[in-house]
Every structure is written in structure tokens, then in C-alpha cells.
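Below you'll find the structure, written out as C-alpha cells, and then a few comments.
In our numbering, the protein residues as written are 6 to 113.
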């Protein structure tokens with residue numbers, strides 16, 4: 006699913022690792038969905054932890070209306086200093102952790 010922060014993150018390393026694992030297509034899709042969901046929740050946690058109550062409501066309403074809207078990032082840039090860098094850091098840290106987990110799972 007395309008979402009407003011998609012251009013800030015790169016999950017290709019994980020996708021390549023999943024394709025290198027001995028999994029059937031359904032298992033691969035399920036694992037990819039779990040990875041995507043974990044990443045989404047970590048990014049939303051970073052965002053929501055840095056917004057006040059009013060801005061949280063505005064953001065969540067806009068996100069629900071159109072998750073792909075580039076204006077969401079503009080809104081966040083006006084509310085949270087360095088949010089793009091924070092989103093990148095959260096995603097990079099989680100992707101690195103997931104990558105290590107996938108590599109460990111491949112050894113089993």
C-alpha cells in the first residue's frame with residue numbers, strides 16, 4: 006500500500022531476503038504484511054508521540070481520508086521539527102532489526 010511516507014523508506018533489502026527464504030508464496034506474503042504493519046505502527050508511534058491532542062486528531066482524520074496525500078508530510082513538517090529524518094531513522098532502525106531477524110530465521 007502506498008502511503009504518504011513511502012518515499013522516505015526503503016524496504017528492498019527485506020523484500021530481497023524474503024525471496025531468498027524457503028517459503029511458499031502465501032507465507033512470503035503473510036510475512037511481508039507483518040513487516041509492513043510493524044513498520045507502519047512504528048512510524049505512526051513516532052508521529053503521534055510528537056503531536057499535541059488537537060494535531061493528532063487532525064492528522065488521523067487526514068490520514069484516514071487519504072493515506073497517500075503528500076500534504077500529510079507538509080502538515081507534519083509544520084508541527085514536528087525534523088519529522089522526515091525521524092521517520093527515516095525509525096524505519097531504518099526497524100528494517101535493520103527485521104533484516105537481522107530474517108537472516109537468523111534463514112539459518113534455521
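Where a beta carbon is used, it is the ideal one built from N, C-alpha and C, also for glycine.
Bear in mind that the values here come from a model prediction, so they are computed numbers and not experimental data.
Terminal residues of the alpha helix (DSSP H) in which residue i lies
i, result
"residue 63", "58 to 70"
"residue 83", "76 to 84"
"residue 52", "30 to 53"
"residue 13", "Here residue 13 belongs to no alpha helix (DSSP H), and DSSP marks it neither H nor E."
Nearest-angstrom beta carbon gap, residue j and residue i [assumed within contact, 8 Å]
i, j, result
"residue 84", "residue 60", "5 Å"
Buried versus exposed, by CB contacts within 10 Å (16 or more), residue i
i, result
"residue 58", "exposed"
"residue 77", "buried"
"residue 26", "exposed"
"residue 42", "exposed"
"residue 39", "exposed"
"residue 20", "exposed"
Through-space distance from residue j to residue i, alpha-carbon basis
i, j, result
"residue 18", "residue 56", "31 Å"
"residue 10", "residue 101", "18 Å"
"residue 97", "residue 90", "10 Å"
"residue 33", "residue 12", "23 Å"
"residue 86", "residue 66", "21 Å"
"residue 53", "residue 104", "25 Å"
"residue 72", "residue 64", "10 Å"
"residue 7", "residue 109", "29 Å"
"residue 51", "residue 99", "12 Å"
"residue 93", "residue 31", "29 Å"
"residue 35", "residue 80", "32 Å"
"residue 75", "residue 49", "16 Å"
"residue 23", "residue 29", "10 Å"
"residue 69", "residue 112", "40 Å"
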